[in-house]
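Here's the structure, in structure tokens; my notes come after.
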Amino acid sequence: MRCLICESECSNFVDESTDSLTHHCSECDLIFKDPSLFQDLPTQKLRYDLHQNSADDMGYRAYFQKFIEFVLSSMGERDYPKSGLDFGSGRSSLLADMMSDIGITTLPYDPVYRADEELLDGRYDIVTSVEVFEHLTDPISSLKQIISMTSSGGLIAIRTEFHHGVDGHAKWYYPKDPTHILFYTPKTFEKLSEIFGCKVIAHNEKNMILLEMI
Ligand SMILES: [Zn+2]
4 MRCLICESEC SNFVDESTDS LTHHCSECDL IFKDPSLFQD LPTQKLRYDL
54 HQNSADDMGY RAYFQKFIEF VLSSMGERDY PKSGLDFGSG RSSLLADMMS
104 DIGITTLPYD PVYRADEELL DGRYDIVTSV EVFEHLTDPI SSLKQIISMT
154 SSGGLIAIRT EFHHGVDGHA KWYYPKDPTH ILFYTPKTFE KLSEIFGCKV
204 IAHNEKNMIL LEMI
């Protein structure tokens, strides 16, 4: 099986906790479930419908606040973004609203709940994508889409849990969600950046990473 990101030949193993054939690319460090285990969108939606994400939920606010703080503290001297798109917002517009509140006018887009395709033709100073990358069945075309919407010198801010290597994979909670199919490390994003002509500015070694279009 070739890597879904860098097309290198992968090794594979069975994740015994979920009985999933799983591939690992040593070139870019992507771990991914076998594509035969990828679910179609209606099946995924049944699970997403269970997610509660209310603007009143203080836990979600704190969660997004941490993400926003990571982005702002990693930007350095760069121009403050004026416009944003939250790619894969889910049903909620909470992150987009919180960003708009601090002067980054942000729109939510979601292929399941807010599929306003016109937004995908726009260009934004920052594109955020929170808990989306672990669901992508075609990461290269999704990233192409994100990049086409990011203005030159713009930022791409991603949150997804980074994996801890093949050895710890079966003990990790993240792959147990059947809609979680791809698992990254900063090395994977370095490779993606190489392919797409952007660069990694910062990451927190755990679950957040910031890229810049160059
Ligand atoms: Zn790879």
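In my numbering, the protein residues as written are 4 to 217. Even glycine gets a Cβ: it sits at the ideal position worked out from N, Cα and C. In this text the structure is predicted, and so the values were computed from the model without any measurement.
Residues near residue 48 by beta carbon distance below 8 Å, same chain, minus five either side: In the sequence shown, the residue the question calls residue 48 occupies position 45. Excluding positions up to five away in sequence, the list reads 115.
Mind checking residue 36: buried by the 16 CB within 10 Å criterion, or exposed? Reading the sequence shown from its first residue, position 33 is the one you call residue 36. By the 10 Å Cβ count, residue 36 comes out buried.
At a threshold of 7 Å, does residue 39 count as lining ligand 1 (C-beta to nearest heavy atom)? In the sequence shown, counting from the first residue as 1, residue 39 sits at position 36. Answer for residue 39: no, Cβ out of range of ligand 1.
Pull up the CB-CB distance for residue 203 and residue 192, whole angstroms please, since I reckon it's below 8 Å. To locate residue 203, count along the sequence shown from 1; it is residue 200. To locate residue 192, count along the sequence shown from 1; it is residue 189. Indeed, because the Cβ distance is near 5 Å, the residues count as touching under 8 Å.
Can you give me the C-alpha to C-alpha distance between residue 44 and residue 104, rounded to a whole angstrom? Counted from its first residue, the sequence shown places residue 44 at position 41. Counted from its first residue, the sequence shown places residue 104 at position 101. Roughly 32 Å separates the two Cα atoms.
Could you pull the start and end residues of the beta strand (DSSP E) that residue 94 belongs to? Sequence index remark: in the sequence shown, residue 94 carries index 91 (1-based). Taken as a continuous stretch (DSSP letters only), residue 94 belongs to no beta strand (DSSP E), as it is neither H nor E.
Skipping 5 residues on each side, what residues in its chain have a beta carbon closer than 6 Å to that of residue 132? On the sequence shown, position 129 is the one that residue 132 refers to. Same-chain partners within the cutoff: 90, 91 and 161.
Can you determine whether any heavy atom of ligand 1 sits closer than 7 Å to the C-beta of residue 11, and answer yes or no? Numbered from 1 along the sequence shown, position 8 holds the residue referred to as residue 11. Yes, Cβ of residue 11 sits closer than 7 Å to a heavy atom of ligand 1.
Does the separation of the CB atoms of residue 125 and residue 88 fall below 8 Å? Position 122 of the sequence shown, counted from the first residue, corresponds to residue 125. Position 85 of the sequence shown, counted from the first residue, corresponds to residue 88. Yes, the pair counts as a contact, with Cβ atoms nearer than the cut-off.
Check whether the Cβ of residue 194 lies closer than 7 Å to any heavy atom of ligand 1, and answer yes or no. By one-based count along the sequence shown, residue 194 stands at place 191. Yes; taking the cut-off as 7 Å, the Cβ of residue 194 has a heavy atom of ligand 1 nearer than that.
On the three-state DSSP scale, how would you describe residue 49? Here the question's residue 49 lines up with position 46 in the sequence shown. Residue 49: helix per DSSP, three-state reduction.
Please check the pair residue 214 and residue 77, which I expect to be a contact at CB under 8 Å, by giving their CB distance rounded to whole angstroms. By 1-based counting over the sequence shown, the position of residue 214 is 211. By 1-based counting over the sequence shown, the position of residue 77 is 74. Going by Cβ atoms, the distance from residue 214 to residue 77 rounds to 10 Å, so no, they are not a contact pair.
Report, in whole angstroms, the separation of the C-beta atoms of residue 33 and residue 6, which I expect to be a contact under 8 Å. Stepping through the sequence shown from its first residue, residue 33 is reached at position 30. Stepping through the sequence shown from its first residue, residue 6 is reached at position 3. Right, the Cβ-Cβ distance comes to about 6 Å (below 8 Å), so this counts as a contact.
Take residue 152 and list the residues in its own chain whose beta-carbon comes closer than 7 Å to its own, dropping the five residues that flank it on each side. In the sequence shown, residue 152 corresponds to position 149, counting from 1. Counting only Cβ-Cβ distances below 7 Å, and skipping sequence neighbours, we find 88, 123, 125, 126, 127 and 130.
Closest residue to residue 216 among 140, 67, 181 and 158 (Cα-Cα distance): Within the sequence shown, numbered from 1, the residue matching residue 216 stands at position 213. Comparing Cα positions, the closest option is 158.
In three-state DSSP terms, what is residue 83? Here residue 83 refers to the residue found at position 80 of the sequence shown. Coil, per DSSP.
Using a Cβ-based criterion (distance less than 7 Å to any ligand heavy atom), does residue 30 qualify as near ligand 1? On the sequence shown, position 27 is the one that residue 30 refers to. Correct: residue 30 has its Cβ closer than 7 Å to ligand 1.
Nearest-angstrom Cα separation, counted from residue 20 out to residue 174: To locate residue 174, count along the sequence shown from 1; it is residue 171. To locate residue 20, count along the sequence shown from 1; it is residue 17. Distance between the alpha carbons of residue 174 and residue 20: 7 Å.
Pop quiz: residue 146 and residue 199 are said to be a contact at Cβ under 8 Å. What is the actual Cβ separation, rounded to whole angstroms? One-based indexing of the sequence shown puts residue 146 at position 143. One-based indexing of the sequence shown puts residue 199 at position 196. Residue 146 to residue 199, Cβ: 6 Å. Contact.
Can you tell me whether residue 6 sits near ligand 1, meaning its C-beta is under 7 Å from at least one heavy atom of the ligand? Residue mapping note: residue 6 aligns to position 3 of the sequence shown, counting from 1. Result yes, Cβ under 7 Å from ligand 1.
Determine, using beta carbons only, whether residue 304 and residue 211 come nearer to each other than 8 Å. For residue 304 there is no data in the structure shown, the boundaries of the chain being 4 and 217.
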